[in-house]
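Note that numbering that gives the first Met the number 0 has the sequence shown beginning at 0, numbered continuously upward. Here the structure is laid out as structure tokens; the discussion comes afterwards.
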Amino acid sequence: MSGRSSSYRTVTRLPDVSRLLAAAFCARLAGRMFALAIVLYSLSRFGSAALAGWISFASMLPGIAISPLAGALLDRMGAPRTILLDLLASFLLLTLLVAFDVASAMSLPLLLVIVVLYSLSSPLSAAGIRTLLPRLVPEIARDRVNALDAGSYALVDVLGPAIAGLLVGFAGAPITLSVIAALYGLAAAVLIPLVRSQRIVVATGIATSLFAEALAGLCYVLRHATLRQLAIAYSLYQMSFGILLIAVPVAVLRFASPGAADSAVGLLWALSGVAGGIGALYAGRIGASGREHAVIIGGTLATAVAIWPTAVLFEPYGLVVGLLLIGFLAGPVDVGVLSLRQRETDPAWLGRSLAVSMGLNMAGLPIGAAAGGLLATCAPALMLPVAACASLLAATTMARRRRF
Numbered sequence: 000m001s002g003r004s005s006s007y008r009t010v011t012r013l014p015d016v017s018r019l020l021a022a023a024f025c026a027r028l029a030g031r032m033f034a035l036a037i038v039l040y041s042l043s044r045f046g047s048a049a050l051a052g053w054i055s056f057a058s059m060l061p062g063i064a065i066s067p068l069a070g071a072l073l074d075r076m077g078a079p080r081t082i083l084l085d086l087l088a089s090f091l092l093l094t095l096l097v098a099f100d101v102a103s104a105m106s107l108p109l110l111l112v113i114v115v116l117y118s119l120s121s122p123l124s125a126a127g128i129r130t131l132l133p134r135l136v137p138e139i140a141r142d143r144v145n146a147l148d149a150g151s152y153a154l155v156d157v158l159g160p161a162i163a164g165l166l167v168g169f170a171g172a173p174i175t176l177s178v179i180a181a182l183y184g185l186a187a188a189v190l191i192p193l194v195r196s197q198r199i200v201v202a203t204g205i206a207t208s209l210f211a212e213a214l215a216g217l218c219y220v221l222r223h224a225t226l227r228q229l230a231i232a233y234s235l236y237q238m239s240f241g242i243l244l245i246a247v248p249v250a251v252l253r254f255a256s257p258g259a260a261d262s263a264v265g266l267l268w269a270l271s272g273v274a275g276g277i278g279a280l281y282a283g284r285i286g287a288s289g290r291e292h293a294v295i296i297g298g299t300l301a302t303a304v305a306i307w308p309t310a311v312l313f314e315p316y317g318l319v320v321g322l323l324l325i326g327f328l329a330g331p332v333d334v335g336v337l338s339l340r341q342r343e344t345d346p347a348w349l350g351r352s353l354a355v356s357m358g359l360n361m362a363g364l365p366i367g368a369a370a371g372g373l374l375a376t377c378a379p380a381l382m383l384p385v386a387a388c389a390s391l392l393a394a395t396t397m398a399r400r401r402r403f
């Protein structure tokens, strides 16, 4: 496979790449649907935006907190097995959630327990997929496979919110959660042949304790200047999305009835995802290698402008324009982050460091969701300005790379 002659079609024809991308797509679609469905479910069941924000927080933060352990487990078991473990755990937990809800036995403490357990296994597939993908392609094709990876997220952002919003609005939360559970089961079924065919690559020195390996992975990331910088910058960037996760439904409810609002929220995120897919594929085509800092700085800075003032001008139309811009810019930012992280990480540490790095990178999402819930209750007018400030701080952090 030569540089410019390598196409997206060529990359997907490489052994096991298509199977992994298909399983990743199903799992990510389920996860993206769950992120919106759990907010809408909580809003309808408990009637509190603040509580919905905390439940969303609980569905994300525990997994981020244990990401060093997840990375150590990934290196011990191998990426294919850990991905499969997460998919099966998510399938079982959401099946339990639906069963308790249908039996009218669901309570707030029980819901929190289920979403926390759901969160705890999530780093296994999130880091596992991105550990395995670069091992399946030659280095010259990494920009393309990273673009396909980011494009998968963008396509999920198209379908996930739209399907979740429509299903919750017309069929109810139990049906929606059942569909999400089925998607996890499908992803597991697609992945099983890859698990059987792949030679499982594990870390050497496995006689050390899991906690020692986890600590070593955490120390590696914290001592690595580039990974440390990405952890701060990207977490700030994701904080913007966490706030938007709450802010968009709250904003739409001002203009539509609850049933119509669920579908409208899904459609808005779907449009944003379409723009994100275009942005990711464009970034993969032009390549980000060697220019990752500039791509990330430009994307996060423009995202701040897209959130505020663009999204608040001529509301609700400004919100549509803002989300389209935010989605388009997310593609190049994600490709830049993936390329920079892979290029700067020692391959021997890829599993552990990637789990820790991704966990730290995503820390801003649950924090933003919780902050969005609180702001929705006490100062709704500040939701979008605060989200914009978070992206602006992300750009500033990446711009200070020589003194960081």
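Beta carbons: idealized from backbone N, C-alpha and C, even for Gly. Since the model is a prediction, treat every value here as computed from it, not as a measurement.
message: For Ser177 and Val304, which I take to be in contact (beta-carbon distance under 8 Å), what is that distance rounded to the nearest angstrom?
response: Ser177 to Val304, Cβ: 40 Å. No contact.
Coarse secondary structure for Trp348, derived from DSSP in three states: helix
task: Kindly indicate the opening and closing residues of the alpha helix (DSSP H) around His292.
output: 291-306
Other residues of its chain near Val251: CB distance less than 6 Å, five sequence neighbours each side excluded: Ala260, Ala263, Val264
- request: For the region 387-398 and the region 229-241, state whether three or more C-beta atom pairs, one from each stretch, are separated by less than 8 Å.
  value: yes
task: Determine the closest residue to Arg222 out of Ala22, Ile128, Ser352, with distance taken between C-alpha atoms.
output: Ser352
task: Determine the closest residue to Leu158 out of Arg31, Leu72, Asp333, with distance taken between C-alpha atoms.
output: Arg31
query: How many Å lie between Leu132 and Glu343 at the Cα?
result: 16 Å
Alpha helix (DSSP H) runs wholly inside the region 182-247, at least 4 long, in chain order: 209-222
- request: Spatial neighbours of Val136 within its chain, please: CB distance less than 7 Å, with the 5 preceding and 5 following residues excluded, ordered by chain position.
  value: Val10, Leu13, Val16, Val144
message: Quick check on the DSSP output: what are the complete alpha helix (DSSP H) runs of length 4 or more inside the region 103-171, in order along the chain?
response: 107-131, 141-169
field: Contact the region 76-89 vs the region 365-376: 3+ CB pairs below 8 Å
entry: no
- prompt: Can you tell me the Cα-Cα spacing of Leu359 and Thr130, whole angstroms?
  reply: 16 Å
query: For the alpha helix (DSSP H) that Pro67 lies in, which residues bound it at each end?
result: 66-76
message: Does Ala48 come out as helix, strand or coil in the three-state DSSP assignment?
response: helix
task: Following the continuous alpha helix (DSSP H) through Thr396, name the residue where it begins and the one where it ends.
output: 382-398
message: If you measure between the beta carbons of Val167 and Leu39, is that distance less than 8 Å?
response: yes
- prompt: Which residues in the same chain have their Cβ closer than 7 Å to the Cβ of Gly321, if we skip the five residues on either side of it in sequence?
  reply: Ala305, Ile306, Thr309, Ala310
- prompt: Does the distance from the C-beta atom of Leu19 to that of Leu193 stay below 8 Å?
  reply: yes
Element boundaries [alpha helix (DSSP H), containing Thr376]: 363-377
query: Measuring CB to CB, does Ala125 end up less than 8 Å from Ala279?
result: no
Coil, strand or helix - Ser177 by DSSP: helix
- prompt: Can you find at least 3 beta carbon pairs, one from the region 98-118 and one from the region 239-249, that sit closer than 8 Å?
  reply: no
First through last residue of the alpha helix (DSSP H) which encompasses Ser338: 316-343
query: Can you give the Cα-Cα distance for Leu383 and Gly317, rounded to whole angstroms?
result: 12 Å
task: Could you spell out where the alpha helix (DSSP H) holding Thr9 opens and where it closes?
output: 7-11
message: So, for Ala213: in the same chain, excluding its five sequence neighbours on each side, which residues have a beta-carbon less than 6 Å away from its beta-carbon?
response: Pro67, Leu68, Ala71
- request: Measure the alpha-carbon distance for Ser208 versus Ser55 and round it to whole angstroms.
  value: 32 Å
query: Between Ser118 and Ala57, which are expected to be in contact by the criterion C-beta below 8 Å, what is the C-beta distance as a whole number of angstroms?
result: 7 Å
query: For Phe210, is the classification buried or exposed, using 16 other Cβ atoms within 10 angstroms of its Cβ as the cut-off for buried?
result: exposed
- prompt: Do Leu217 and Leu339 have their CB atoms nearer than 8 Å?
  reply: no
query: Taking just the CA atoms, how far does Val101 sit from Ile128?
result: 33 Å
query: So what's Phe254 in DSSP terms, helix, strand or just coil?
result: coil
message: For Glu138, count the other beta carbons within 10 Å of its own beta carbon; 16 or more makes it buried, fewer makes it exposed. Which is it?
response: exposed
- prompt: What is the C-beta distance between Val249 and Ser356, in whole angstroms, given that I count them as a contact (C-beta under 8 Å)?
  reply: Contact flag wrong, Cβ pair sits at about 32 Å.
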